[in-house]
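J.:
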Amino acid sequence: VAARANGLRPVDGPYGDFSDPDGYRAAAKRAAVMGCEGKWAIHPSQITLGNEVFSPSEAEVTKARRILEAMEQAQKDGKGAVALDGRLIDIASIKQAENMVRLAEQLGNG
-9 VAARANGLRP VDGPYGDFSD PDGYRAAAKR AAVMGCEGKW AIHPSQITLG
41 NEVFSPSEAE VTKARRILEA MEQAQKDGKG AVALDGRLID IASIKQAENM
91 VRLAEQLGNG
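Numbering of the sequence shown is given in this note's numbering, commencing with residue -9 and proceeding in unit increments.
Structural data, given as structure tokens:
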């Protein structure tokens, strides 16, 4: 929260036991849930694990693109919200979807 409040992108610190991939992955997932955008890797074996946790999947990127398309059409139709796959999406969904697509494009998987 403090990092974001100051315009910084939060990155979680190291996981010291580089012989424990499951521990690193679990710590990275906790950090992602708390809003971190990445995690330090102190050993080459941790890089792939970090990328796995913090990179959007193809399915997530596809869903984000569908949200953007649905909201674009909703706005053309004069609507502020629309249902997509049985879920309500609205203007708040746009920023999240844009961020997901932008990250995927920056990582080369969008």
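Every residue, glycine too, gets a C-beta built ideally from N, C-alpha and C.
Within 8 Å, do at least three Cβ pairs link the region 30 to 39 to the region -3 to 4?
T.: Counting Cβ pairs under 8 Å, three or more are found: they touch.
J.: Run the proximity test for N99: is its beta-carbon closer than 7 Å to any non-hydrogen atom belonging to the ligand NAD?
T.: This structure does not include the ligand NAD; it has no bound ligands of any sort.
J.: With distances taken between CB atoms, is the gap from S45 to L78 smaller than 8 Å?
T.: Here residue 45 refers to the residue found at position 55 when the sequence shown is read from its first residue. Here residue 78 refers to the residue found at position 88 when the sequence shown is read from its first residue. No. Outside cutoff.
J.: Which residues does DSSP list as the beta-bridge partners of A16?
T.: Stepping through the sequence shown from its first residue, residue 16 is reached at position 26. Note: A16 sits in no beta bridge, so no partner.
J.: Alpha helix (DSSP H) containing A71: first to last residue?
T.: Within the sequence shown, the letter at position 81 stands for residue 71. No alpha helix (DSSP H) holds A71; the beta strand (DSSP E) holding it covers 71 to 74.
J.: Figure out for me which residue from K66, K85, A60 has the closest Cα to the Cα of D156.
T.: An answer regarding residue 156 cannot be provided, because it is not within the stretch -9 to 100 covered by the chain.
J.: Tell me the rounded alpha-carbon separation between D10 and N89.
T.: Against the sequence shown, residue 10 aligns to sequence position 20. Against the sequence shown, residue 89 aligns to sequence position 99. Spanning the two alpha carbons is a distance of roughly 31 Å.
J.: Over the uninterrupted beta strand (DSSP E) stretch that includes L78, give me the two end residues.
T.: Indexing the sequence shown from 1 puts residue 78 at position 88. Start and end: 77 to 80.
J.: Return the CA-CA distance between M101 and L39, expressed in angstroms with no decimal places.
T.: Residue 101 lies beyond the range of the chain shown here (-9 to 100); nothing can be said about it.
J.: Give a yes or no on whether the C-beta atoms belonging to V91 and V43 are separated by under 8 Å.
T.: Here residue 91 is taken as the residue at index 101 of the sequence shown, counted from 1. Here residue 43 is taken as the residue at index 53 of the sequence shown, counted from 1. Taking 8 Å as the Cβ cut-off, V91 and V43 do not qualify as a contacting pair.
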